[in-house]
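Asks: Its first residue numbered 374, the sequence shown is counted upward by one per residue in our numbering.
Virtual Cβ for every residue (Gly too), placed ideally from N, Cα, C.
Mind looking over this structure? Questions follow.
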Amino acid sequence: MRVLAVTHAYPQRSSRAHGVFIHRLNLGLRELGHEVHVLQLAEWCPPWPLAAVDSSWRRSHAVRDEMLDELDGIQVHHPLTITPRPSRFFSGDQWEREVRTLARYCLRRPRLAQADVVIGHFMVPDGYHALGLARALGLPSAAMAWGDDLHAWPAAKEAWAQRLRVVLAEVDIPIACSRRMANDGNAWLEEPRHDWEIVYGGVDLELFRPTDAWRAKRRDMIPEVPAVRTENARLLLMLSQPVKAKGYIEMLEAWAEVGDGASEWHLLMAGGGAGDLDVAGEIASRGLGERAHWLGPQPPERIPALLQACDAFVLPSHNEGLSLSMLEAMATGLPVIATDVGGHSEVISSPTEGWLIAPRDTAALVRSLRELKGASSVRLAEIGIAARRAAARIGSPLDNASRLEAIMLRGVRQDSASAAGVTGSLN
374 MRVLAVTHAY PQRSSRAHGV FIHRLNLGLR ELGHEVHVLQ LAEWCPPWPL
424 AAVDSSWRRS HAVRDEMLDE LDGIQVHHPL TITPRPSRFF SGDQWEREVR
474 TLARYCLRRP RLAQADVVIG HFMVPDGYHA LGLARALGLP SAAMAWGDDL
524 HAWPAAKEAW AQRLRVVLAE VDIPIACSRR MANDGNAWLE EPRHDWEIVY
574 GGVDLELFRP TDAWRAKRRD MIPEVPAVRT ENARLLLMLS QPVKAKGYIE
624 MLEAWAEVGD GASEWHLLMA GGGAGDLDVA GEIASRGLGE RAHWLGPQPP
674 ERIPALLQAC DAFVLPSHNE GLSLSMLEAM ATGLPVIATD VGGHSEVISS
724 PTEGWLIAPR DTAALVRSLR ELKGASSVRL AEIGIAARRA AARIGSPLDN
774 ASRLEAIMLR GVRQDSASAA GVTGSLN
């Protein structure tokens, strides 16, 4: 099977964690013997130094320079869309312009034009692009919901909400990264769909696993914070993009309220990518510098050891699809405090597996933190063991790539059968 995967989110030169969950599914499909081509749109700009004369060209040049053309044997294509400037003087729909760009690019390349299926990762914008591309190529279409594409983005932009409804209603194969996400998708429709498929992102249980060598991990991973490297220090990690929607403000407010009752506990915050929050500044403004520490961006290869160096994990997100960081923490055997959003209740199904609280509920977060701090080492170890078992139920990226493979192959067969039926009726 030859798969065209349309996505705006994929690992970059300076941010290898960006869209890594999509790349892992693609790698799984490749390991299963399928050919995957990633289509990541870019905006045309003249070559440097001509691009330097216009601010939008400079931005486009910088963005394109970050994009990878190949990753782990998977080719990443970058069809170039020309945006007329100044745009207010030109008519035309940008979404449709991007669909045409993808279609022209693939039709001029026989290997891409002869693919078997098109999948968009994120319902918008990528699902809309994938739907249009699939129609241009005469192929079945799939689109996968991951989180913000059903929550933050369409809620903030009516144009995105309109495109989202089109995708949800018309895509051949709707896929969600959790059962709750499928329900959230149906909430956008007048008539809910009953043909949703569920494919989790998955977690690598070999890469993310408990270790007894946590002291060495702390020396190696957190040299910039001497206070947390002591024998008695207990480390609570929050690992996420530095945006308000991940719950950073609620977490810092709760941490301040919990106070110094268990002074051996330290809060570590880390995460990369563009954000709307100065986490270090928020820590300083609350006078929490001795008990809370911003580690900044972390490359993917550092995450397993960073998790192993910690004692617990927290993620008070306002919304999620199903947090990869949470799954990785649970697979590492860490007790987790998370909000009941997205698919989190599909992983933490019992209080024995972790704490699940309402989003934006600082009081509930404070209670959970106090319970965590007051728990014995034996109790925390029991929760960690149960957490790893819970993460294992979700499966590995390869397990979930196998699910995605079966779903898309079924879609390809149904499309072929429909085409054969039409041909037969014409004859």
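Please say whether Leu578 and Leu610 have beta carbons closer to each other than 8 Å?
Replies: As a first step, residue 610 is located in the sequence shown; it is residue number 237 there, counting from the start. As a first step, residue 578 is located in the sequence shown; it is residue number 205 there, counting from the start. No, Cβ-Cβ distance for Leu610 and Leu578 is not below 8 Å.
Asks: Rounded to the nearest angstrom, how far is the Cβ of Tyr573 from that of Leu695, given a contact under 8 Å?
Replies: Your numbering for residue 573 matches position 200 in the sequence shown. Your numbering for residue 695 matches position 322 in the sequence shown. Correct: roughly 6 Å between the Cβ atoms.
Asks: Specify whether the region 587 to 599 and the region 695 to 707 touch according to this definition: at least 3 beta carbon pairs, one from each stretch, less than 8 Å apart.
Replies: The region 587 to 599, when compared against the region 695 to 707, does not touch it at the 8 Å Cβ threshold.
Asks: Going by CA-CA distance only, name the one from Gly465, Ala424, Val409 that's closest to Glu443.
Replies: Against the sequence shown, residue 443 aligns to sequence position 70. Closest by alpha carbon: Val409.
Asks: Scan the region 635 to 716 and note each continuous alpha helix (DSSP H) run of 4 residues or more that stays entirely inside, going in chain order.
Replies: With a minimum length of 4 residues, the continuous alpha helix (DSSP H) runs that stay inside the region 635 to 716 are 652 to 658, 676 to 681, 697 to 704.
Asks: Is Leu480 buried or exposed, if buried means 16 or more other CB atoms sit within 10 Å of its CB?
Replies: Along the sequence shown, one-based indexing puts residue 480 at 107. By the 10 Å Cβ count, Leu480 comes out exposed.
Asks: Please say whether Leu771 and Glu404 have beta carbons closer to each other than 8 Å?
Replies: Counted from its first residue, the sequence shown places residue 404 at position 31. Counted from its first residue, the sequence shown places residue 771 at position 398. Against a cut-off of 8 Å, the Cβ pair of Leu771 and Glu404 comes out as a contact.
Asks: Expressed to the nearest angstrom, what Euclidean distance is found between the alpha-carbon atoms of Gly784 and Gly644?
Replies: The count along the sequence shown starts at 1 and reaches residue 784 at position 411. The count along the sequence shown starts at 1 and reaches residue 644 at position 271. Cα to Cα, Gly784 sits roughly 37 Å from Gly644.
Asks: Less than 8 Å between the beta carbons of Leu495 and Asp466, yes or no?
Replies: Here residue 495 is taken as the residue at index 122 of the sequence shown, counted from 1. Here residue 466 is taken as the residue at index 93 of the sequence shown, counted from 1. Per the sequence shown, residue 495 should be read as Phe rather than Leu. Contact: no.
Asks: Below 8 Å between beta carbons: does that hold for Ala801 and Ala549?
Replies: The structure shown has nothing for residue 801, since the chain only spans 374 to 800.
Asks: Output the residue ranges of the beta strand (DSSP E) runs that lie fully inside the region 441 to 526 and measure 3 residues or longer, sorted by chain position.
Replies: The qualifying runs are 447 to 450, 490 to 494, 514 to 518.
Asks: Using DSSP bridges, identify the partner residues of Ile546.
Replies: One-based indexing of the sequence shown puts residue 546 at position 173. Its beta-bridge partners are Ala515.
Asks: How would you write the range of the beta strand (DSSP E) that Ile730 sits in, first residue to last?
Replies: Counting from 1 along the sequence shown, the entry for residue 730 is found at position 357. Where Ile730 is concerned, the enclosing beta strand (DSSP E) stretches over 728 to 730.
Asks: Rounded to whole angstroms, what's the CA-CA distance from Val687 to Trp638? Just pull it up for me.
Replies: In the sequence shown, the residue the question calls residue 687 occupies position 314. In the sequence shown, the residue the question calls residue 638 occupies position 265. The straight-line gap from Cα to Cα measures roughly 13 Å.
Asks: Between which two residues does the beta strand (DSSP E) holding Met611 run?
Replies: Sequence index remark: in the sequence shown, residue 611 carries index 238 (1-based). Residues 607 to 612.
Asks: Can you give me the Cβ contacts of Ile447 inside the same chain, cut-off strictly under 8 Å, excluding the 5 residues immediately before and after it?
Replies: For the purposes of this step, residue 447 is taken as the residue at position 74 of the sequence shown. The answer, listed in chain order, is His396, Asn399, Leu400, Arg403, Val409, His410, Val411.
Asks: Put Gly784 into one of helix, strand or coil per three-state DSSP.
Replies: Taking the sequence shown and counting its residues from 1, the one referred to as residue 784 is at position 411. Look at Gly784 here: in three-state DSSP terms it is helix.
Asks: Closest to Leu661 by C-alpha separation, out of Met624, Val540, Ala378, would be which residue?
Replies: Locating residue 661 in the sequence shown gives position 288, counting from the first residue. Of the candidates Met624, Val540, Ala378, the one whose C-alpha sits nearest the C-alpha of Leu661 is Met624.
Asks: If you measure between the beta carbons of Val449 and Tyr501, is that distance less than 8 Å?
Replies: Translated into the one-based positions of the sequence shown, residue 449 becomes position 76. Translated into the one-based positions of the sequence shown, residue 501 becomes position 128. Cβ atoms of Val449 and Tyr501: not closer than 8 Å.
Asks: Less than 6 Å between C-beta atoms, sequence neighbours within five positions excluded: which residues of the same chain meet that for Asp557?
Replies: Within the sequence shown, residue 557 is the residue found at index 184, counting from 1. Taken in chain order, the residues that qualify are Leu523.
Asks: Closest by CA to Ala763, which one among Glu471, Thr735, Leu707, Ile730?
Replies: In the sequence shown, the residue the question calls residue 763 occupies position 390. Sorting Glu471, Thr735, Leu707, Ile730 by C-alpha distance to the C-alpha of Ala763 places Leu707 at the top.
Asks: When DSSP labels each residue in this structure, what does Glu570 get in the three-state scheme?
Replies: The count along the sequence shown starts at 1 and reaches residue 570 at position 197. Three-state DSSP puts Glu570 in a strand.
Asks: Flag this pair as touching only if the region 716 to 727 and the region 752 to 766 have three or more C-beta atom pairs under 8 Å; answer yes or no.
Replies: Counting Cβ pairs under 8 Å, three or more are found: they touch.
Asks: Closest by CA to Gly632, which one among Arg484, Ile595, Arg740?
Replies: As a working mapping, residue 632 is identified with position 259 in the sequence shown. The shortest Cα separation from Gly632 among Arg484, Ile595, Arg740 belongs to Arg740.
Asks: Flag this pair as yes or no: are the beta carbons of Thr474 and Thr456 separated by less than 8 Å?
Replies: By 1-based counting over the sequence shown, the position of residue 474 is 101. By 1-based counting over the sequence shown, the position of residue 456 is 83. Cβ distance not < 8 Å, so Thr474 and Thr456 don't count as in contact.
Asks: Out of Pro565, Val376, Ala532, Leu745, state which residue places its alpha-carbon closest to the alpha-carbon of Ala503.
Replies: For the purposes of this step, residue 503 is identified with residue 130 of the sequence shown, where counting begins at 1. Comparing Cα-Cα distances from Ala503 to each of Pro565, Val376, Ala532, Leu745, the minimum goes to Val376.
Asks: Rounded to a whole number of angstroms, what is the C-alpha to C-alpha distance between Trp421 and His434?
Replies: In the sequence shown, residue 421 corresponds to position 48, counting from 1. In the sequence shown, residue 434 corresponds to position 61, counting from 1. The straight-line gap from Cα to Cα measures roughly 8 Å.
Asks: Compute the beta-carbon to beta-carbon distance between Thr735 and Glu626, rounded to the nearest angstrom, for a pair I have assumed lies under 8 Å.
Replies: The residue given as residue 735 occupies position 362 in the sequence shown. The residue given as residue 626 occupies position 253 in the sequence shown. Right, the Cβ-Cβ distance comes to about 5 Å (below 8 Å), so this counts as a contact.
Asks: Based on DSSP bridge pairs, tell me the residues matched to Ala378.
Replies: Residue 378 sits at position 5 when you count from the first residue of the sequence shown. In the DSSP output, where bridge partners are listed per residue, Ala378 has Val411, Ile492.
Asks: State buried or exposed for Ser387, treating a residue as buried only when at least 16 other CB atoms are found within 10 Å of its CB.
Replies: The residue labelled residue 387 in the question sits at position 14 within the sequence shown. Exposed is the call here.
Asks: Strictly by DSSP, which residues pair up with Glu416?
Replies: On the sequence shown, residue 416 is found 43 positions in, with the first residue counted as 1. Bridge partners of Glu416: Thr454.
Asks: Which residues in the same chain have their Cβ closer than 7 Å to the Cβ of Asp651, if we skip the five residues on either side of it in sequence?
Replies: For the purposes of this step, residue 651 is identified with residue 278 of the sequence shown, where counting begins at 1. Cβ neighbours of Asp651 beyond the five flanking positions: none.
Asks: Can you tell me where the alpha helix (DSSP H) with Leu400 in it begins and where it stops?
Replies: Within the sequence shown, numbered from 1, the residue matching residue 400 stands at position 27. Segment 393 to 404, the alpha helix (DSSP H) holding Leu400.
Asks: Whole-angstrom Cβ separation of Leu679 and Met781, contact assumed at under 8 Å?
Replies: By one-based count along the sequence shown, residue 679 stands at place 306. By one-based count along the sequence shown, residue 781 stands at place 408. Leu679 to Met781, Cβ: 34 Å. No contact.
Asks: On the DSSP letters alone, give me the boundaries of the alpha helix (DSSP H) that Tyr383 sits inside.
Replies: Here the question's residue 383 lines up with position 10 in the sequence shown. That residue, Tyr383, is in no alpha helix (DSSP H); it is neither H nor E in DSSP.
Asks: For Leu512, tell me which candidate among Asp489, Ser769, His666 has the shortest Cα-Cα distance.
Replies: If you number the sequence shown from 1, residue 512 lands on position 139. The candidate whose alpha carbon is nearest that of Leu512 is Asp489.
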